[in-house]
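Chemist: So in the numbering used here, the last one in the sequence shown is 698, and the numbering has no gaps at all.
Have a look at this one before I ask anything.
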Amino acid sequence: MYSTKTTSTSEVIKKLDIQKTTFGNPRFLITDRGTTFTFDEFHTYCSEQNISLHHITTGLPRANGQVERINRTIISVLSKMSEDYPTKWFKHVPSLQEVLNSTFQRSINTTPFELLFGTQINNKTDLRIQLLIDEQLQLEFNENRELLRKAAKSQIIKVQNENKKSYNLRRKYLLVYIVLRT
Numbered sequence: 517m518y519s520t521k522t523t524s525t526s527e528v529i530k531k532l533d534i535q536k537t538t539f540g541n542p543r544f545l546i547t548d549r550g551t552t553f554t555f556d557e558f559h560t561y562c563s564e565q566n567i568s569l570h571h572i573t574t575g576l577p578r579a580n581g582q583v584e585r586i587n588r589t590i591i592s593v594l595s596k597m598s599e600d601y602p603t604k605w606f607k608h609v610p611s612l613q614e615v616l617n618s619t620f621q622r623s624i625n626t627t628p629f630e631l632l633f634g635t636q637i638n639n640k641t642d643l644r645i646q647l648l649i650d651e652q653l654q655l656e657f658n659e660n661r662e663l664l665r666k667a668a669k670s671q672i673i674k675v676q677n678e679n680k681k682s683y684n685l686r687r688k689y690l691l692v693y694i695v696l697r698t
């Protein structure tokens with residue numbers, strides 16, 4: 517994770533060069549169709565560095581869902597961490613990344629750091645950041661659960677109505693007899 521002053525192609529390339537010195541070049545990049553990633557300069561850089569570039573479909577951010585999800589968490593946590601000095605949000609990026617990299621991920625059954633390096637990270641966990649991340653993840657979990665419940669309720673009602681309609685097609689109504697006494 518790198519903070520940038522702009523989203524210019526040259527700045528993104530500088531950050532990729534920093535990344536390259538530590539981890540080497542990625543085999544491929546999946547990006548949106550922002551101007552940063554569609555300029556010839558960026559395509560040339562990727563080609564020269566033997567990086568396969570793939571652009572997601574315009575208007576479908578869910579095609580890059582993992583990135584969108586983590587970006588929501590990052591933005592929310594950075595906003596809370598920099599409440600006192602909002603213009604200094606970039607100072608919190610390294611500590612946030614450290615906590616994110618050392619946070620257990622259920623989907624991979626380990627931490628991102630341990631998955632990459634094969635060992636646990638040796639750090640002093642910032643409990644405030646960890647609590648903010650946990651709070652954000654819990655909020656997202658609750659929102660997703662509520663959406664699932666609403667969808668399930670809607671589906672149940674739909675099926676009940678279909679079943680009622682189908683049942684009523686074969687149903688024989690009782691005749692009501694009226695007894696008149698004279």
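All residues carry an ideal CB built from backbone N, CA and C; glycine is no exception.
None of the values given here were measured: they were computed from a predicted structure.
What's the C-alpha gap between Glu656 and Ile649?
Modeler: Locating residue 656 in the sequence shown gives position 140, counting from the first residue. Locating residue 649 in the sequence shown gives position 133, counting from the first residue. If you take the alpha carbons of Glu656 and Ile649, they lie about 11 Å apart.
Chemist: Tell me whether Gln565 sits in a helix, a strand or coil according to DSSP, three-state version.
Modeler: Counted from its first residue, the sequence shown places residue 565 at position 49. Coil at Gln565, not helix or strand.
Chemist: I'd like to confirm the pairing. Which residues does DSSP put opposite Phe606 in its beta bridges?
Modeler: Along the sequence shown, read from residue 1 onward, the residue named residue 606 stands at position 90. Answer is none; Phe606 lacks a bridge partner.
Chemist: Ordered along the chain, which non-local residues of its own chain (more than five positions away) have a Cβ less than 8 Å from that of Ile534?
Modeler: As a working note, residue 534 is residue 18 in the sequence shown. So the qualifying residues of the chain are Tyr518.
Chemist: Around the C-beta of Thr523, are 16 or more other C-beta atoms found within 10 angstroms, so that it is buried, or is it exposed?
Modeler: As a position in the sequence shown, residue 523 is number 7, starting the count at 1. With fewer than 16 other Cβ atoms within 10 Å, it is exposed.
Chemist: Can you grab the Cα-Cα spacing for the pair Ser623 / Gln582, in whole Å?
Modeler: Sequence index remark: in the sequence shown, residue 623 carries index 107 (1-based). Sequence index remark: in the sequence shown, residue 582 carries index 66 (1-based). Answer to the nearest angstrom: the Cα atoms are 12 Å apart.
Chemist: Which runs of the beta strand (DSSP E) fall wholly inside the stretch 517-559 and span at least 3 residues, in chain order?
Modeler: 544-547
Chemist: Which partner residues of Gln654 appear in the DSSP bridge assignment?
Modeler: Here residue 654 refers to the residue found at position 138 of the sequence shown. None, per the DSSP bridge assignment.
Chemist: Using the beta-carbon count (16 or more within 10 Å), is Leu612 buried or exposed?
Modeler: For the purposes of this step, residue 612 is identified with residue 96 of the sequence shown, where counting begins at 1. By the neighbour-count rule (16 or more Cβ atoms within 10 Å), Leu612 is buried.
Chemist: Does the distance from the C-beta atom of Asn580 to that of Asp556 stay below 9 Å?
Modeler: Counting from 1 along the sequence shown, the entry for residue 580 is found at position 64. Counting from 1 along the sequence shown, the entry for residue 556 is found at position 40. Pairing Asn580 with Asp556 gives a Cβ-Cβ distance that is not under 9 Å.
Chemist: Taking 9 Å as the cut-off, decide whether the C-beta atoms of Leu545 and Ile586 are in contact.
Modeler: Here the question's residue 545 lines up with position 29 in the sequence shown. Here the question's residue 586 lines up with position 70 in the sequence shown. No. Outside cutoff.
Chemist: Please name the residue or residues paired with Gln621 in a DSSP beta bridge.
Modeler: Numbered from its first residue, the sequence shown carries residue 621 at position 105. Paired residues: Thr626.
Chemist: Between the Cα of Ser568 and the Cα atoms of Arg543, Leu594 and Arg686, which residue gives the shortest distance?
Modeler: Against the sequence shown, residue 568 aligns to sequence position 52. Checking every option, the nearest Cα to that of Ser568 belongs to Arg543.
Chemist: Which two residues bound the contiguous alpha helix (DSSP H) that contains Ile590?
Modeler: As a first step, residue 590 must be located in the sequence shown, where it is residue number 74. Note, Ile590: alpha helix (DSSP H), Gly581 to Met597.
Chemist: With a CB to CB cut of under 7 Å and the five nearest residues on each side skipped, what residues in its chain are close to Asn541?
Modeler: Here the question's residue 541 lines up with position 25 in the sequence shown. These residues qualify, in order along the chain: Gln565, Asn566 and Ile567.
Chemist: State buried or exposed for Ile608, treating a residue as buried only when at least 16 other CB atoms are found within 10 Å of its CB.
Modeler: Working through the sequence shown from its first residue, we reach residue 608 at position 92. Note on residue identity: the sequence assigns His, not Ile, to residue 608. Answer is buried; the Cβ neighbour count reaches 16.
Chemist: Sort Arg661, Ala667, Phe633 and Thr627 by Cα distance to Thr538 and report the nearest one.
Modeler: Counted from its first residue, the sequence shown places residue 538 at position 22. When only C-alpha atoms are compared, the closest one is Phe633.
Chemist: Alpha carbon to alpha carbon, how far is Leu653 from Asn677? Give it in angstroms, no decimals.
Modeler: Locating residue 677 in the sequence shown gives position 161, where the first residue counts as 1. Locating residue 653 in the sequence shown gives position 137, where the first residue counts as 1. The straight-line gap from Cα to Cα measures roughly 36 Å.
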